[in-house]
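The letter at position 64 of the sequence shown is residue 77 when you use our numbering, and the numbering goes up by one with no holes.
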Amino acid sequence: MEKVLIIEDDRLIAELERDYLEANGFGTALAFDGVTGEQMARSGEYDAVLLDVMLPGKSGFDVCRELRQSMHLPIIMVTAKKEDVDKIRGLGLGADDYLVKPFSPAELVARVKSHIRIHKLLLDSKEETKETEITYKNLTILPGSRRVYLDEREIPLVNKEFELLLFLAENPNLVFSKDTLFDRVWGMEAIGDSATVTVHINRLREKLGENASQTQFIETVWGAGYRFRID
């Protein structure tokens with residue numbers, strides 16, 4: 014049975030989320046503060062985490078940041094704030110998705126199922142993929158072990174960052190629109206929109222020491238999209 018950790022300080026909401034998920038065949042566990050939730054998540058017993066933004070002890074943003082340093086399980090952030098800056102900030106810390114309260118039970122279950130399924134497909138693919146090194150300049154990508162090195166220093170990337178970089182690197186000098194990248198990397202059935210691509214491109218550039226005006230690898234083609242540039 015797949016198990017979801019719910020980190021939510023509002024007990025009524027936490028219990029509703031638990032009931033929705035358990036009615037659809039998931040096992041669940043509850044944590045009501047950020048510190049406890051992070052400790053429970055690190056046990057490795059869970060297939061996904063539902064993480065509220067506003068938590069006592071440690072905020073959801075901080076919990077997400079800490080977990081992403083060493084863990085790759087799906088993290089879906091839950092927030093009562095509708096401002097785009099909160100959504101983008103959550104994704105920028107490595108969250109896989111977000112939900113804005115109030116949300117429907119069907120949407121909650123659909124997103125959890127989708128992200129767990131994608132995560133398992135990635136793990137299966139990782140086991141089957143042979144190690145084939147991709148090297149451009151001082152950047153090395155190892156598809157099999159899902160590792161990236163810049164100047165022989167490993168760059169930690171979360172799943173979608175790695176997949177996006179790998180897709181671009183495997184198709185050098187070709188320009189892809191944001192919509193195309195979203196379809197190819199996130200999948201046609203993914204929940205979200207192409208704005209997620211921009212967030213992940215910016216995060217990749219930051220980790221690679223780049224920006225939109227000074228880039229070695231990921232180039233913006235204004236009005237068209239992005240490409241992995243090889244001189």
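C-beta atoms are modelled at their ideal positions from N, C-alpha and C, and glycine is treated no differently.
Assumed close pair residue i, residue j - CB separation to whole angstroms, cut-off 8 Å
i, j, result
"residue 18", "residue 50", "7 Å"
"residue 221", "residue 163", "6 Å"
"residue 128", "residue 61", "6 Å"
"residue 241", "residue 181", "4 Å"
Rounded C-alpha distance that separates residue i from residue j
i, j, result
"residue 154", "residue 32", "42 Å"
"residue 142", "residue 159", "Note that residue 142 scores 48 on pLDDT, short of 50, meaning its location in the model is unreliable and no value can be drawn from it."
"residue 64", "residue 110", "10 Å"
"residue 183", "residue 230", "12 Å"
"residue 168", "residue 37", "37 Å"
"residue 67", "residue 244", "46 Å"
"residue 233", "residue 172", "22 Å"
"residue 157", "residue 135", "11 Å"
"residue 209", "residue 174", "11 Å"
"residue 80", "residue 59", "13 Å"
Cβ neighbours of residue i in the same chain (closer than 7 Å, five flanking residues each side left out)
i, result
"residue 70", "46, 47, 48"
"residue 187", "240"
Contacting residues, own chain, Cβ-Cβ under 6 Å from residue i (five flanking each side not counted)
i, result
"residue 78", "106"
"residue 147", "154, 182"
Within 9 Å, strictly: CB atoms of residue i and residue j
i, j, result
"residue 54", "residue 84", "yes"
"residue 130", "residue 89", "no"
"residue 194", "residue 238", "yes"
"residue 121", "residue 34", "yes"
Sequence-distant residues of its chain with Cβ nearer than 8 Å to residue i (five each side left out)
i, result
"residue 82", "169"
Practice task
Run through the segment 54-87 for me and flag every whole alpha helix (DSSP H) of 4 or more residues, listed as ranges in chain order.
Solution key: Counting whole runs of 4 or more residues, the segment 54-87 contains the alpha helix (DSSP H) stretches 73-81.
- request: Starting from the N-terminal side, write out each stretch of the beta strand (DSSP E) that is 3 residues or longer and does not extend beyond the segment 110-141.
  value: DSSP runs (the beta strand (DSSP E)) wholly in the segment 110-141: 110-113.
- [ ] Write down every uninterrupted run of the alpha helix (DSSP H) in the segment 159-244 whose length is 4 residues or greater and which is fully enclosed by it, in chain order.
- [x] Fully enclosed alpha helix (DSSP H) runs of no fewer than 4 residues occupy 172-183, 191-194, 208-220 of the segment 159-244, in order along the chain.
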